[in-house]
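A short write-up of the structure that comes next.
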Amino acid sequence: MSDGPPRVTAILVGPPVWRGRGQLGRLASALATGETVRVPWEEVDKIDAAVHLKKTARELRLGRGDDRARRFVDWIPGS
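Take the sequence shown: its position 42, counting from 1, is numbered 46 in the working numbering, and each next residue is one higher.
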């Protein structure tokens, strides 16, 4: 028997996680490369319109796909 409602212990990020997000998520997961990154809940500083973390993206191994994708979208005005 548990002592109350389930608690959030981590945020999972990355293409493998997207598979459960409908058709677009499955497509994005199939096209992207990368692994699942687990961000421990203790690294969350606050949540408002965004999730603010206590460490940088680089320290938490986040955003690496963004760096790879940048070369494909940099030429788009306003990107």
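C-beta atoms are modelled at their ideal positions from N, C-alpha and C, and glycine is treated no differently. Just so you know, these numbers come straight off a predicted model, no measurement behind them.
Residues that residue i bridges to, as DSSP identifies them
i     : result
Leu64 : In DSSP, Leu64 forms no bridge with anything.
Ile15 : Val43
Residue i: first and last residue of the uninterrupted alpha helix (DSSP H) it sits in
i     : result
Val21 : Pro19 to Trp22
Arg42 : Not the alpha helix (DSSP H): Arg42 falls in the beta strand (DSSP E), residues Val41 to Pro44.
Gly29 : Gly26 to Leu35
Which of helix, strand or coil DSSP assigns to residue i
i     : result
Asp71 : helix
Ala53 : coil
Val48 : strand
Whole-angstrom C-beta distance between residue j and residue i, which should lie under 8 Å
i     : j     : result
Val55 : Thr40 : No, Val55 and Thr40 are not in contact; Cβ-Cβ is about 17 Å, not under 8 Å.
Leu64 : Val43 : 5 Å
Nonlocal neighbours in the same chain, by C-beta distance under 6 Å from residue i, ignoring five residues either side
i     : result
Lys50 : His56
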